[in-house]
Structure formats: structure tokens, C-alpha cells
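Residue numbers (the working numbering): 44 to 125.
Here is the structure we will look at, set down as C-alpha cells.
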Amino acid sequence: SGGVSGISGGSTQGVQTAVHVMGQSGKFTIYDEVVGKSDPNAVTVRMAALRELDVDGNQIGTTGPVKHSISSFATQDFTIEE
């Protein structure tokens with residue numbers, strides 16, 4: 044479930060940083076906890092996929108039993124930390 048993650052409390056010039064994780068979608072929003080989730084300076088990060096590329100930008104590790112990519116973060120466990 045979504046909610047404020049464990050990154051709450053960091054501060055930069057009066058900004059109390061908080062993170063709202065949006066379920067298992069691979070999305071999270073970083074915002075000023077004092078302003079709230081409607082913070083106009085909030086940043087939403089969407090991780091759609093993760094792929095390993097070679098120096099020319101071509102995806103590698105697409106064949107064989109071990110893949111070098113993640114197509115969806117919905118089934119992945121990951122932690123956002125300070």
C-alpha cells in the first residue's frame with residue numbers, strides 16, 4: 044500500500060522531505076512534508092523498466108536463463124532509502 048516512506052525528516056533550507064510510495068507501481072513522489080502532497084515543487088518518479096545496455100545502447104541479456112532486465116516493478120521488492 045502507498046504511504047509516506049521512511050525518508051521523512053531530511054531537510055534543506057526549511058524543507059521537510061517526505062516520500063509517498065504509490066503501491067507497487069514503481070512510482071513515488073518526493074515533496075515538502077510541510078506543504079503536503081499538493082506541493083507544486085513535488086517530483087514524481089516513475090520507474091517503468093530497467094534494462095542493461097551495451098556501449099552502443101543495445102539491450103543485452105535478453106536470451107538464456109538469466110535475463111538482464113526488469114519489465115515491471117509491480118512484482119519486484121525494492122526499498123527507497125535516504
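We treat Cβ as the ideally placed atom computed from N, Cα and C, and that holds for glycine.
Here the structure is a predicted model, which is why all the values come from computation and not from measurement.
Taking 7 Å as the limit between beta carbons, can you name the residues of its chain near Ala91, skipping five residues before and five after? Taking the first residue of the sequence shown as position 1, residue 91 is located at position 48. Excluding residues within five positions, the ones whose Cβ falls inside 7 Å are Gly69.
Give the single residue among Phe71, Arg94, Leu96, Thr60 whose Cα lies nearest to the Cα of Gly79. Within the sequence shown, residue 79 is the residue found at index 36, counting from 1. Checking every option, the nearest Cα to that of Gly79 belongs to Thr60.
Please report the straight-line C-alpha distance between Val109 and Pro83, rounded to a whole angstrom. Taking the sequence shown and counting its residues from 1, the one referred to as residue 109 is at position 66. Taking the sequence shown and counting its residues from 1, the one referred to as residue 83 is at position 40. Straight-line spacing of the CA atoms in Val109 and Pro83 works out to 42 Å.
Straight-line CA distance for Val62 to Arg94? Position 19 of the sequence shown, counting from 1, holds the residue named residue 62. Position 51 of the sequence shown, counting from 1, holds the residue named residue 94. Taking the straight line from one Cα to the other gives about 25 Å.
When burial is assigned at 16 or more other CB atoms within 10 Å of the CB, is Gly46 buried or exposed? Taking the sequence shown and counting its residues from 1, the one referred to as residue 46 is at position 3. Only weak support exists for where Gly46 lies, its pLDDT of 45 falling under 50; the value from the coordinates is given anyway. Its Cβ having fewer than 16 others within 10 Å, Gly46 is exposed.
When we look at the beta-carbon of Gly49 and count the other beta-carbons within 10 Å, is it buried (16 or more) or exposed? Mapped onto the sequence shown, residue 49 falls at position 6. The predicted position of Gly49 is uncertain, since its pLDDT is 45 and thus under 50; a value taken from the coordinates is nonetheless stated next. By the neighbour-count rule (16 or more Cβ atoms within 10 Å), Gly49 is not buried but exposed.
Within this structure, are the beta carbons of Gly104 and Ser112 separated by less than 8 Å? Your numbering for residue 104 matches position 61 in the sequence shown. Your numbering for residue 112 matches position 69 in the sequence shown. Yes, Cβ-Cβ distance for Gly104 and Ser112 is below 8 Å.
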